[in-house]
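Note sheet for the following structure.
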Amino acid sequence: MTTGLENASIDPHFVGRQEQLARIRRAQATVLGRGRQMLCEVVGEPGTGKTRFVHEAVRRCVPTIPWAVGTCSPDERGVPFHVFRHAFTAGQAPPRGLRARSTGETWAQSAAEVPPAPARASDARRFRTYQLARRLIGLAARDGLVLVLDDLHWADASSTGLIAHLLRYPVPAPLLLVLVYRPRQMATPMPFGPPDHRDHVDGAATTHERIELHPLSRAEVALLHPRVGPPEVRARYDLTGGNPGYLAALPIESADTDPTRTVGVRLSDAAVAALRREWSGLPAVDLACLRAGAIVDAPFGTDVLAEVAQVPASLAVEAGWRLARLDLIRRVPGTGRFAFRHPVLRMAVAQDTDPAWQSEACARALTALVELGAPPADRARYAERLLALPNGRWVDRCVNVLCRAAQEVRRETPDVAIRWLRLALRALRPTAGPTQRRRDVSLALAQITGEAGNLAESRALLQEIVPLFPADQEGRRAQAVALWARVERLLGNYAEAAAISRRELAALPAGTAFVGGYRLATEIGAAGILSGRPTVGLPDGLSGEPGGSGADRAGLLAVRSLAAAHDGALDDARGLLDDGARIVDSLPDRDVRDHPDCLTALGLTELYLERQADAARHLDRGLTLVRAAHRDDGLCQLLLGRSQVAYHCGELNTAIALATEAGIVARRIGSHHLLSFALAFEAEATAWRGGLRDDDRAVALARSATGIATDLATWCGRTAAMALASAALLAGDPATCADLVRSAGGDSRLSRLQSTLRPRWFELLCAAALAAGDTDDAERQARLAMAEADQVGLPGQRGFAEAAYGEVLLARGEASVAVPHLETAADLFRSGGMVLRRSLALASLARAAEAADQTGVAARARRRALELAGWCGTERVALRLARPVGPREVAALTDREWHIARLAATGATSRLIGRQLNISPRTVEAHLTRIYRKAGVASRSALVAWVARLDDTDR
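Just so you know, we're using my numbering here: the sequence shown kicks off at 703 and counts up by one.
Rendered as structure tokens:
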């Protein structure tokens, strides 16, 4: 047996191939049963275990008859009949079961009959030689013989001619002729003709069988390596494709490496020695091109081979096709390039190459790929290899390649770009190179890490390198400082962001303000809004500057419009918004992609001005761009803005999903303040969804938000407090709601809250007062809502005021007077695009109209309210419609508590109520305890009477 690649493993374990073994067994039975010759081909890719399979088949299937094995060798191609010599001559140990035949004829004698190739003038003489060999084989197979001829792709012409002769003139003896070869390395894929399928047609026994061996499955690979864990099995399978020979070549410790990267994996010496037989006899040019291909690794053209191997281009072309003919490399379909037939073969060639030559070849490959404009990953791979070498000859060149490649892939694979830049920075730090080079690489790394969401690393790099930037006319220092300020803002350090931006803006050289000044001014404005102190005006340093890119100008206009909307200057906000939106809508995506904050500010301003369609359009555009660019730094803010648009439009489940995703991103990038926003928005949407477990979840989420953002002066702190206030009110705690709103507002006029949203917050105070039974305070809050709505002039905010006043009138029993206010509120909410609020206003309108005996109005309002509630995904509307218009005690109950009270009044036990509502009996008892306290009753029977009296009053 030959020491092939599949036998390079020290593990003799054999798995799989049961069907193929059965076919060998059937072939043996056919040969012995009929006493005739039969041909069985065993073919497959290199390393699929053909030799090992045949050896196992002979050992298992044909132990009772003699067998002989002959193996071809590339060094013996000039020896006639060398594979038959190897199988039959006395030079090797006699095959088991074979005895010497006293014929007087030997293989040496038959070989001598074959004349040299140039002297072959007579086919008759060659025919007589083949007949003599046939008689010798017939004598050996008289009592049965299995003759295995292995590696026939290296056979000489005499051997292949004899095999063809045996197929035409079969031996009249029980001979099983097993031919083992690689079809791709033969002159034709089926050199001995197609297999015989007569046994499948007319029942006659076949005389020609062909067995194709394929790679092992992953399960079989696991059986082959029983002591290897599943992750390592998967890695080995992915690298080798299940090829048993290449599996045997891999050392066990290679599983710790990335299976997609072969750098650093070292094959066993036995595997390299077995594979070396394929290229050891190549001419110098072919061998140089083969080694060059192993260095290039990826699919390569002959032009690259010529540069790396340092051979003329014409010779490289010829060598490439010769190597392909030997199946060492293969043509990549649809291209003019080549690739090694298997990665393990490439690894073996590279491992068999002189390290010094590899180093120089890597440098030549890098030069060739840069000149040819190869993909960034290909260029960077060689730069990494060169930087791993002990000498520093190629540092500057490799750093340039890595930096350029990182800029090219930063949008698609930022993690790869970050790895390359970190490697470049490590290569530069120990050297005595210029500080400017390290500074530029650090700035690029800080920018990409920040965009990828690693804010802490980005901030550390910027703090280190910004002082190294001198003041310049190009504004590079100003842009670096603006990037630093933005990272500080995303981390919630608003004061620091504003301070460093103001300081740098004031120090800008004359005539350079527009280069980085717009970004600095934008950061000042954004930090002011988030810290609770919006800056509406344009900084003095930019008042006369017409320059700057369109996206930079649009970003500043968007932030200024958001600040104006926050302070209630709606005319200014609309003008600035229109100017900024006009610029953004005219810019291509590639210019807007780097300014996600601009789209966030535009979307939020449009939301507060009740332009929900425009807000959704700009925010969705931003989400599409940042997702494609893998920018976590802008993704979180855009998700938060889009969540608010969905909430205001009544899409509660969408709002919750977006807020949840924003929270995941905020945790990933390490921004606690953005996480607080996400928790607050999720809490508010969850509270209004009104499911059985939503009340408690909403309060828990809002408390988490307030625990993160404790400063009520900031926008983040106020948002968390107002979310907790809404959740507390809907959960039945109006006192906590009122306290939180007043604390966040700063005074009775809520002057610290956003002016465009004050009617909404006064409506919340009105609802809390009604739930507490204080109708006088509720009326005061409703009138304040009216006054604020008059100043704001937005239909949605006016709707909050009208709804609040209508609820006060309804609570006082003035249902007929409340109806027009609630109708107006519903119409205003429709104009403002607030579907959820419209459905709630319609529910209140239905209750008021029923109390005022306006059945037609009530029926229409009820039907439309339920339709809108189903679209929004809220249960609050149905629960509110079930409430009677009753005294103060009824208003103190939440919608869910009134529902449970009515169920209890029917006589249902706590267990039955819990089963119906899908909650535990203990939760039901907790609700009943609060209901008893608010209704002023002490028992279940008293509660039944109280509910019956209210229902009768309602009728």
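All C-beta atoms in this analysis are idealised placements derived from N, C-alpha and C, irrespective of residue type, glycine included. Predicted, not measured: the structure shown is a model, and the values here were computed from it.
So, residue i versus residue j, is the Cβ gap smaller than 8 Å?
i        : j        : result
Val-1168 : Val-1189 : no
Ala-1199 : Ala-1229 : yes
Arg-1323 : Leu-1301 : yes
Leu-1089 : Cys-1105 : no
Ala-770  : Leu-847  : yes
Leu-926  : Val-717  : yes
Leu-1354 : Leu-1381 : no
Thr-1438 : Ala-1446 : no
Arg-884  : Glu-747  : yes
Asp-1080 : Leu-1025 : no
Asp-1054 : Gln-887  : no
Gly-1501 : Phe-1531 : yes
Whole angstroms is fine: what's the gap from residue i's alpha carbon to residue j's?
i        : j        : result
Leu-849  : Ala-789  : 8 Å
Gln-1165 : Ala-1422 : 31 Å
Arg-1221 : Leu-1278 : 17 Å
Arg-1276 : Ile-1633 : 48 Å
Leu-1091 : Leu-1125 : 13 Å
Thr-750  : Gly-947  : 6 Å
Gln-720  : Met-1049 : 31 Å
Leu-1472 : Ala-1513 : 8 Å
Gly-1535 : Leu-1496 : 11 Å
Pro-1586 : Leu-1341 : 39 Å
Phe-755  : Ala-973  : 18 Å
Leu-1047 : Pro-1057 : 17 Å
His-1297 : His-1375 : 20 Å
Check residue i in the structure and name its three-state DSSP category.
i        : result
Phe-755  : helix
Arg-1033 : strand
Ala-770  : strand
Cys-742  : strand
Asp-1479 : helix
Arg-1188 : helix
His-910  : strand
Ala-1517 : helix
Ala-1253 : helix
Tyr-871  : coil
Leu-1311 : coil
Val-1013 : coil
Leu-1639 : This sequence places Val at residue 1639; Leu is not what is there. Of the three classes helix, strand and coil, the one that applies to Val-1639 here is coil, per DSSP.
Val-850  : strand
Val-1294 : helix
Ala-1610 : coil
Ignore the nearest five residues each way along the sequence and tell me which others in residue i's own chain have a CB closer than 6 Å to its CB.
i        : result
Val-1646 : Ala-1607
Phe-1383 : Ser-1345, Ala-1361
Trp-1186 : Leu-1164, Val-1168
Arg-1642 : none
Val-694  : No statement about residue 694 is possible, as the shown extent of the chain runs from 703 to 1657 and does not include it.
Ala-1148 : Ser-1160, Leu-1163, Leu-1164
Gln-1499 : Pro-1461, Ala-1491
Ala-1303 : Ala-1260, Val-1261, Leu-1264
So is residue i in contact with chain B if we call contact Cβ pairs under 8 Å?
i        : result
Ala-1330 : Among the chains in the structure shown there is no chain B, since it carries only a single protein chain.
Where does residue i land, buried or exposed, given buried means 16+ other C-beta within 10 angstroms?
i        : result
Phe-1140 : Correcting the residue type first, residue 1140 is Arg in the shown sequence and not Phe. So Arg-1140 counts as buried.
Gln-1175 : exposed
Phe-783  : buried
Arg-1043 : buried
Pro-932  : exposed
Trp-1122 : buried
Asn-945  : buried
Arg-801  : Legend: pLDDT at Arg-801 = 46, less than 50; position of this residue unreliable, no value from coordinates given.
Val-1034 : exposed
Leu-1074 : exposed
Less than 7 Å between C-beta atoms, sequence neighbours within five positions excluded: which residues of the same chain meet that for residue i?
i        : result
Ala-1070 : Val-1006, Glu-1009, Val-1010
Leu-1467 : Ala-1440, Val-1443, Gln-1483
Pro-897  : His-910, Glu-911, Arg-912
Note down, in chain order, each residue of its chain lying with its Cβ closer than 8 Å to the Cβ of residue i, except the 5 sequence neighbours on either side.
i        : result
Arg-1191 : Ala-1199, Glu-1225, Ala-1228, Ala-1229, Leu-1232
Gly-895  : Leu-869, His-910
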